[in-house]
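Q: Residue numbers (numbering that gives the first Met the number 0), protein chains in the order written: chain A, 0 to 592; chain B, 0 to 216.
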Amino acid sequence: MTTARSHRRRTAVAIAIVLVIVAVFVVRLVDVQVVHANALDRQAAERRGNVATIEGTRGSIVAADGTVLARSVLRYDFVATPKFAKKPFDRSVHGTTQKVSLTDAAEEIAAITGQKPSEVTDPIRDALAKNKDAMYAPIVQNVDVSTYRKLMALKIPWLDATSHQTRVYPNGAVAGNIIGFLNGSAQPQAGLEKGADKCLAGHNGEQTYQVGADGVTIPGSTKVQKPAKEGGELVTTLDPDLQWFAQDELAKVVPQLGAQFGMVSVVSVKDAKIRVAAQYPSPDPNDLDATPVEYWRAMTFQNQYEPGSIFKPLTAAALIDAGKASPTSHLVVPDTLTPQKGVFVSDNESHPVQNLTLTGVLTESSNVGMSELGTSMDDDARYDFMKRFGIGSKTAVDFPGELSGQLAKPSSWDAQTRYATTFGQGLTTTPAQMLSAYQTIANGGVKVPLSLVEGCRQADGTMTDVPSKKGTRVISTTTSQQILGMLENVLKGGPISTLPNTEIPGYLVAAKTGTAQEPDGYGGYLKSYYVSVMGVAPVDDPQYLVSVNIGFPTTITSSLAAGPLFKTMMSQVLKAFRVQPSTAPPADYPDTY
Amino acid sequence: MSQATASVPWPGRNRPSDTTPHLEAVPRVSRHARPRLFYAAIAVLTVMVVVVTQLLLSIGVSQGAYRIESLQSRKGELARAYQAVSEDVDALSSPQNLAANAAALGMVNNGTPVYLRLSDGKIIGSPAPATAAAGSTGQLVGNALTQDIPLVTAPKTTKQARTPADQGAQASRGATGTEPAAGAAGGTDSGTPGANRQKTNDGPVPWTGALPAPSTH
């Protein structure tokens with residue numbers, strides 16, 4: 000019996016050991032084949048050198064109508080293998096075989112790339128001089144696809160190419176200020192390229208594969224380790240043709256006026272979409288060095304100025320909405336005002352004491368009249384209106400590097416600032432903030448967030464990151480209509496009406512001029528002005544808002560400088576968007592009493 | 000297993016049987032009962048069929064790999080062709096190029112539009128002819144991509160005779176270019192008819208047909 004038991008025990012032990020060993024193998028098998036399978040596959044592929052990057056292309060930036068404003072393309076760098084370039088190679092053309100020497104090949108390459116043949120042969124000879132088995136000599140960089148195809152068609156065995164992505168801007172300087180640019184290592188630096196990088200950026204994927212001796216991938220061996228993600232397409236609200244028109248006009252007008260710069264913006268009133276944000280000078284992202292660095296940015300968002308008289312309608316709107324005034328409020332307006340010590344307000348031109356209505360104050364752009372009425376309102380209440388119009392805070396566009404302007408709290412205003420803020424001095428705004436404020440006035444008092452992009456179109460066609468269009472009421476509809484009605488008089492009877500043909504036949508246009516003084520940085524003001532005209536048409540159904548700003552013109556220094564361009568631009572906008580002419584009668588508020 | 004081992008009787012414990020052993024003659028083994036050639040042949044044939052099928056299948060699969068390789072390089076070439084022409088189209092359709100060509104053809108922009116109101120037939124605005132001064136040259140807004148494109152009015156230069164290398168250019172080529180894949184040359188390149196030989200022609204294509212009629216709004 001004892002022998003039988005010991006026999007059984009031995010057997011059991013043997014089986015147990017076998018089971019343990021089997022279990023260890025199974026665990027190891029699962030570990031290798033399942034748990035760490037991907038990592039090991041990768042390691043193996045890396046050791047064989049068969050890891051390929053699947054490039055995730057950076058998305059395009061397109062205009063509202065689909066015009067491509069920025070896109071990624073492939074460019075090629077050609078490299079020679081000097082070791083093999085020494086000897087002539089055989090090339091068969093139509094069944095006959097020719098010997099092609101390095102010199103012949105270099106001439107063929109140079110004819111295509113526009114280089115000198117020596118520029119092709121020199122790197123090869125230099126590399127050979129250093130090492131007779133040299134494998135690398137760069138020949139030409141950044142050639143486009145058609146050149147690539149021509150070079151490849153030469154069938155030179157020692158010539159090879161690598162590709163890389165680069166960015167092109169088919170419309171050049173059209174909206175170049177808004178689009179932005181990338182640096183040499185493809186990192187976004189400015190503009191929408193930077194602001195919408197999350198939408199545009201593609202993410203590279205990775206795949207591993209095995210190749211046979213003949214260089215052909217072994218069937219079934221390709222494994223996508225990480226799929227690539229293509230960048231989304233950024234759809235902007237811009238109209239490229241109109242943007243070009245604005246830039247072209249600016250390029251004519253600004254040098255004529257001896258001005259430093261100019262800006263033209265167009266915003267659709269109902270949905271607050273920026274259709275044009277032009278500036279001169281404007282950078283061509285394909286060739287940035289052609290433009291001075293200070294104009295590489297989008298001035299509409301990234302420059303702030305004391306707005307001057309174009310700010311007056313905001314004060315007037317606050318006054319009317321708060322019940323402090325009406326379009327026909329009576330004022331006695333001298334040409335200067337010294338209400339208290341240390342305060343001096345004067346109008347642009349000296350004039351006898353006038354009996355102006357609030358409408359007349361806007362038409363004549365009287366600083367004195369606006370100061371008298373504006374300060375009749377509580378400072379905090381006026382400040383509150385300005386804040387609600389968006390003064391002192393960035394617009395909803397949130398452009399990269401956007402400025403918020405400077406609007407101090409009433410508690411820190413000195414006496415002069417208290418008066419100056421009624422007519423747009425003593426505070427700074429970006430042109431974008433003024434566009435948003437005018438959009439509010441034109442849109443029946445409802446401020447819709449200003450937008451520059453429609454959204455990010457993903458590969459599956461869905462639109463993501465669509466900006467909010469939720470409006471907030473700032474002033475009443477009645478106030479809004481009254482302000483627009485009052486501003487109809489500016490083109491008819493204001494200082495700008497001395498220009499011939501400022502009105503646009505068939506359309507009621509509400510506009511306001513501005514001739515702002517800008518600080519010289521030494522506590523005083525510059526001699527030349529920042530002149531503007533902002534306007535809306537048609538008044539009976541406001542559709543488009545046009546803003547023209549000219550920086551420091553020297554041949555004409557008043558708002559007259561911006562007048563003709565405003566008319567040209569507004570006419571083009573109304574024509575391009577096929578806006579119906581006005582049907583309602585003008586408001587005809589009296590300027591005087 | 001231990002059970003089986005235990006049940007085998009020990010020789011020492013073998014008790015004499017009570018019954019008489021039953022004896023019988025062993026039948027003669029037939030000489031004809033050995034395996035027939037026929038079955039062996041079937042077995043060998045089956046193995047051979049399996050081997051050959053497998054061989055054919057793997058040839059088929061690797062043939063497919065060459066075809067995939069060839070098609071992929073063709074796809075790459077087509078993608079490059081698409082990129083080249085779409086880049087050209089983008090540059091040609093840029094406002095700068097269109098405006099410059101329009102100006103070169105003598106077109107001017109009329110800055111004073113006049114409207115005819117259909118409801119009462121009223122003419123809004125006063126018609127005035129556009130002047131060349133109001134037009135744009137199209138050259139004021141920079142574009143590094145279009146400045147080398149000749150205007151449609153520019154005199155045509157005769158194309159140089161094509162070099163032998165150009166004529167050798169064929170649409171289907173290896174993905175990396177220098178050497179067409181060895182296998183692809185072996186006849187699987189059937190997706191590339193001779194008609195796909197590329198024509199190298201740079202620059203804008205002049206418009207030859209009649210001008211399209213404008214759509215009136």
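Cβ atoms here follow ideal geometry from the backbone N, Cα and C, with glycine treated the same way.
This structure is a prediction, so every number in the text was calculated from the model and none was measured.
1. Taking a cut of 9 angstroms between CB atoms, which residues from the segment 245-273 of chain A lie near chain B?
2. For a quick check, are the C-beta atoms of residue 205(A) and residue 188(A) less than 8 angstroms apart?
3. What first and last residue would you give for the alpha helix (DSSP H) that runs through residue 165(A)?
4. Would you say residue 76(A) lies against chain B (beta-carbon separation less than 8 angstroms)?
5. Could you give the C-beta distance for residue 600(A) and residue 486(A), rounded to a whole number, given that I count them as a contact under 8 angstroms?
6. Alpha carbon to alpha carbon, how far is residue 309(A) from residue 572(A)? Give it in angstroms, no decimals.
7. Inspect the beta-carbon positions of residue 127(B) and residue 108(B) and report whether they are closer than 8 angstroms.
8. Should residue 23(B) be flagged as near chain A, meaning a C-beta pair shorter than 8 angstroms?
9. Can you have a look at residue 14(A) and say buried or exposed, based on whether 16 or more other CB atoms are within 10 angstroms of its CB?
10. Report yes or no: is there a C-beta of chain A within less than 8 angstroms of the C-beta of residue 230(B)?
11. Does DSSP put residue 548(A) in a helix, in a strand, or in coil?
12. Mind checking whether residue 391(A) and residue 404(A) have CB atoms under 8 angstroms apart?
13. Would you check if the segment 413-432 of chain A and the segment 349-357 of chain A touch, i.e. whether three or more CB-CB distances between them fall below 8 angstroms?
14. Using 8 angstroms as the threshold, is the C-beta distance between residue 370(A) and residue 344(A) below it?
15. Can you give me the Cβ contacts of residue 441(A) inside the same chain, cut-off strictly under 8 angstroms, excluding the 5 residues immediately before and after it?
16. Can you pull the chain B neighbours of residue 285(A), defined as C-beta to C-beta under 8 angstroms?
17. By the three-class DSSP mapping on this structure, what secondary structure does residue 272(A) have?
18. First and last residue of the alpha helix (DSSP H) that includes residue 178(A)?
19. Using only CA atoms, which one of 360(A), 435(A), 382(A), 165(A) lies nearest to residue 410(A)?
20. Please identify, using Cβ separations under 8 angstroms, the residues of the segment 49-81 of chain A that lie next to chain B, in order along the chain.
21. Could you pull out every residue in the same chain whose Cβ sits closer than 6 angstroms to the Cβ of residue 140(A), ignoring the five residues on either side in sequence?
22. Mind listing which residues of the segment 548-576 of chain A have their C-beta closer than 9 angstroms to chain B's C-betas, in chain order?
23. Compare the C-alpha of residue 110(B) against each of 233(A), 589(A), 504(A), 266(A) and name the closest.
24. For residue 421(A), decide whether its Cβ has a neighbour in chain B, counting only Cβ atoms nearer than 8 angstroms.
25. Between the segment 554-571 of chain A and the segment 254-267 of chain A, can you find at least three pairs of beta-carbon atoms closer than 8 angstroms?
26. Where does residue 101(B) fall in DSSP's three states?
27. Which first and last residues belong to the alpha helix (DSSP H) in which residue 282(A) is found?
28. Which of helix, strand or coil does DSSP assign to residue 53(A)?
29. To the nearest angstrom, how far is the alpha carbon of residue 437(A) from that of residue 481(A)?
30. Just the C-alpha distance for residue 378(A) and residue 439(A), rounded to the nearest angstrom, thanks.
31. Can you pull the DSSP bridge partners for residue 123(B)?
32. At a CB-CB cut-off below 8 angstroms, which residues of chain A make contact with residue 217(B)?
33. Alpha carbons only, please: which of 367(A), 232(A), 300(A) is nearest the one belonging to residue 195(A)?
34. For residue 527(A) and residue 556(A), which I take to be in contact (beta-carbon distance under 8 angstroms), what is that distance rounded to the nearest angstrom?
35. Going by DSSP, what residues sit across from residue 531(A) in a beta bridge?
36. With DSSP run on the structure shown, which of helix, strand or coil describes residue 563(A)?
A: The answer reads as follows:
1. 246, 247, 248, 249, 250, 251: these are the residues of the segment 245-273 of chain A whose beta carbon lies less than 9 angstroms from some beta carbon of chain B, given in chain order.
2. For residue 205(A) and residue 188(A), no; Cβs fall outside 8 angstroms.
3. Careful: residue 165(A) lies outside any alpha helix (DSSP H), inside the beta strand (DSSP E) at 158-167.
4. No, residue 76(A) does not count as interfacial toward chain B.
5. As displayed, chain A neither begins before 0 nor continues past 592, which places residue 600(A) out of reach and without an answer.
6. Those two C-alpha atoms are separated by around 21 angstroms.
7. No.
8. Interface with chain A (8 angstroms Cβ-Cβ cutoff): residue 23(B) is excluded.
9. Burial call: exposed.
10. As displayed, chain B neither begins before 0 nor continues past 216, which places residue 230(B) out of reach and without an answer.
11. Residue 548(A) sits in a strand when the DSSP states are folded into three classes.
12. Annotated as proximal: residue 391(A) and residue 404(A), with beta-carbon spacing under 8 angstroms.
13. No: fewer than three Cβ pairs fall under 8 angstroms.
14. Contact flag set, yes.
15. Cβ neighbours of residue 441(A) beyond the five flanking positions: 268, 479, 483, 509, 535, 541, 544.
16. From the beta-carbon of residue 285(A), the residues of chain B found nearer than 8 angstroms are 142, 143, 144.
17. Note: residue 272(A) maps to strand in three-state DSSP.
18. 175-178 is the extent of the alpha helix (DSSP H) around residue 178(A).
19. Ranking the options by Cα distance to residue 410(A), first place goes to 382(A).
20. Within the segment 49-81 of chain A, contact with chain B at the beta-carbon level (separation under 8 angstroms) is assigned to 66, 67, 70, 72, 73.
21. Taken in chain order, the residues that qualify are 76.
22. Within the segment 548-576 of chain A, the residues whose Cβ lies closer than 9 angstroms to any Cβ of chain B are, in chain order, 566, 567, 570, 571, 573, 574.
23. Residue 504(A) is the option with its Cα nearest to residue 110(B).
24. Closer than 8 angstroms: no.
25. Taking a cut-off of 8 angstroms on C-beta distances, the segment 254-267 of chain A touches the segment 554-571 of chain A, as three or more cross pairs fall below it.
26. Here residue 101(B) sits in helix by DSSP.
27. Premise fails: residue 282(A) is in no alpha helix (DSSP H) and is neither H nor E.
28. Residue 53(A): strand per DSSP, three-state reduction.
29. Each residue's alpha carbon lies about 14 angstroms from the other.
30. When rounded, the separation of the alpha-carbon atoms in residue 378(A) and residue 439(A) is 21 angstroms.
31. Beta-bridge pairing links residue 123(B) to 114(B).
32. Outside the displayed range of chain B (0 to 216) lies residue 217(B), so it cannot be described from this structure.
33. Residue 232(A) holds the alpha-carbon nearest to the alpha-carbon of residue 195(A) among 367(A), 232(A), 300(A).
34. Between residue 527(A) and residue 556(A) the beta-carbon gap is near 6 angstroms, inside 8 angstroms, which marks them as a contact.
35. For residue 531(A), which the question treats as bridged, DSSP gives the partners 513(A), 548(A).
36. Residue state, collapsed to three classes: helix.
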